[in-house]
Amino acid sequence: MAEKEYLLGANDTELQRLQFQHNVWKKITDGFFDRLSLEKGIRILDVGAGPGFVSLDLLERTGKESEITVLEPSELFINYIKDFSLKNNISNFRFINNTVENTELPANYYDFIFLRWVIAFVAEPELFLAKLVKSLAPRGVIAIQDYAYEGISLYPRGGAFDNIPDAVRKYYNSTGGDPYITTKIPGMFKENGIKLIDFNPHILAGNPSSRVYEWANKFFSTHIQHMADKGIVDQKTADEMLTDWIEHRESEDSIFFSPIVVDVAGKKVR
15 MAEKEYLLGA
25 NDTELQRLQF
35 QHNVWKKITD
45 GFFDRLSLEK
55 GIRILDVGAG
65 PGFVSLDLLE
75 RTGKESEITV
85 LEPSELFINY
95 IKDFSLKNNI
105 SNFRFINNTV
115 ENTELPANYY
125 DFIFLRWVIA
135 FVAEPELFLA
145 KLVKSLAPRG
155 VIAIQDYAYE
165 GISLYPRGGA
175 FDNIPDAVRK
185 YYNSTGGDPY
195 ITTKIPGMFK
205 ENGIKLIDFN
215 PHILAGNPSS
225 RVYEWANKFF
235 STHIQHMADK
245 GIVDQKTADE
255 MLTDWIEHRE
265 SEDSIFFSPI
275 VVDVAGKKVR
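Structure follows, in structure tokens:
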């Protein structure tokens, strides 16, 4: 997959943003894994793994006897985790530099499949999920973390940033994505013989000194302009939204609420 096909980009700046993002949301993801009680020595598929930060967490949980397949379309990102693995003598990672759509996955093989902030960007999520389910072993678990893109807000309200939620949703839609994808996953699970076992929403919030505020800043400081470049908003609106964001960051009384991130997991029953 060409790096330019990524809506959010595949470059060193995005790699650094992904690492920061992983650290901000790690407690939420760890809690998800805790509830799923992952065993040692299982076969794992990390879908859209990026630079492999979750893959490394899964390795720590499931041990060197596990087999972890890192599936990532970006050559830059997959080379990052390949190099890290080589330098740290990690031998139980397998690597697939491709998309799910263009990969022949083994049937009934993986005990655990994980994808975070992936399926919201997929143009045909039903087909995408069905293919993953076919590669899931009987009684295997598929776990998804992604958006139900509500809740995002900046206080005090009343400025141009109030228009950001609609703009971001249109940004996702521009490449066929769905910012509300987690609201549809339970129904998609049912259609594919997957029993829903976990559904938990999360919101993070904080002032300008918090990590979640900085996480948002790393996104908006880059992607508000990208939205203008793609014609999602006009340049005047983009400038006003970015100015409002910057002014809020300079006030210690400002509070940012993240969009809703939902943990959704299911078990293969047929």
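Heads up: the sequence shown begins at 15 in the numbering used here, then just goes up one per residue.
Note that CB positions come from ideal geometry on N, CA and C, so glycine has one too.
No experiment lies behind these values; they were computed from the predicted model shown.
A residue is called buried when at least 16 other Cβ atoms come within 10 angstroms of its Cβ; S88 meets this threshold and is buried.
Here S188 is exposed, its C-beta having fewer than 16 other C-beta atoms within 10 Å. Judged by DSSP in its simplified three-state form, Y123 adopts coil rather than helix or strand.
Counting along the chain, no beta strand (DSSP E) covers S149; the unbroken alpha helix (DSSP H) around it starts and ends at P139 to S149. Beta-bridge partners of G220 (DSSP): F270. Between D48 and Q159, the C-beta spacing is not below 7 angstroms. Per the coordinates, the alpha-carbon of A137 lies some 14 angstroms from the alpha-carbon of K184. Between D60 and S69, the C-beta spacing is below 7 angstroms. The beta carbon of I56 is closer than 6 angstroms to those of T76, S80, D125 and F126 in its chain, skipping five residues each way along the sequence. If you look at I260, you'll find it in the alpha helix (DSSP H) that goes Q249 to R263. Within a 10 Å sphere around the beta-carbon of E74 sit fewer than 16 other beta-carbons, which makes this residue exposed. For S188, there is no enclosing alpha helix (DSSP H), as DSSP marks it with neither H nor E.
Rounded to whole angstroms, the Cβ separation of I58 and T83 is 7 angstroms, and the two are in contact under 8 angstroms.
The C-beta of P139 has 16 or more other C-beta atoms within 10 Å across all chains shown, which makes the residue buried. In the DSSP assignment, T76 falls within the alpha helix (DSSP H) that extends over F67 to T76. Inter-residue distance for E228 and P222 is about 7 angstroms (C-alpha atoms, whole angstroms).
Beta-bridge partners assigned by DSSP to Q159: R130 and D277.
One Cα belongs to R284, the other to N106, and the distance between them is close to 28 angstroms. In the assembly as shown, P170 is an exposed residue. Its beta-carbon has fewer than 16 other beta-carbons within 10 Å.
In the DSSP annotation of this structure, the continuous segment of the alpha helix (DSSP H) that includes S99 starts and ends at E89 to K101.
Here K244 carries a coil assignment [DSSP, helix/strand/coil].
In this structure, DSSP gives R284 a state outside helix and strand, which the three-state scheme calls coil. Taking a 10 Å sphere around the C-beta of A144, we find fewer than 16 other C-beta atoms and assign the residue as exposed. In the three-state scheme derived from DSSP, where H, G and I count as helix and E and B as strand, V182 is classed as helix. Using a Cβ distance threshold of 7 angstroms, Y161 and A134 count as a contacting pair. Collapsing the DSSP output to three states places E118 in coil.
Per DSSP, I110 is not a residue of any alpha helix (DSSP H); the beta strand (DSSP E) it occupies stretches across F107 to I110. The C-beta of G62 has 16 or more other C-beta atoms within 10 Å across all chains shown, which makes the residue buried.
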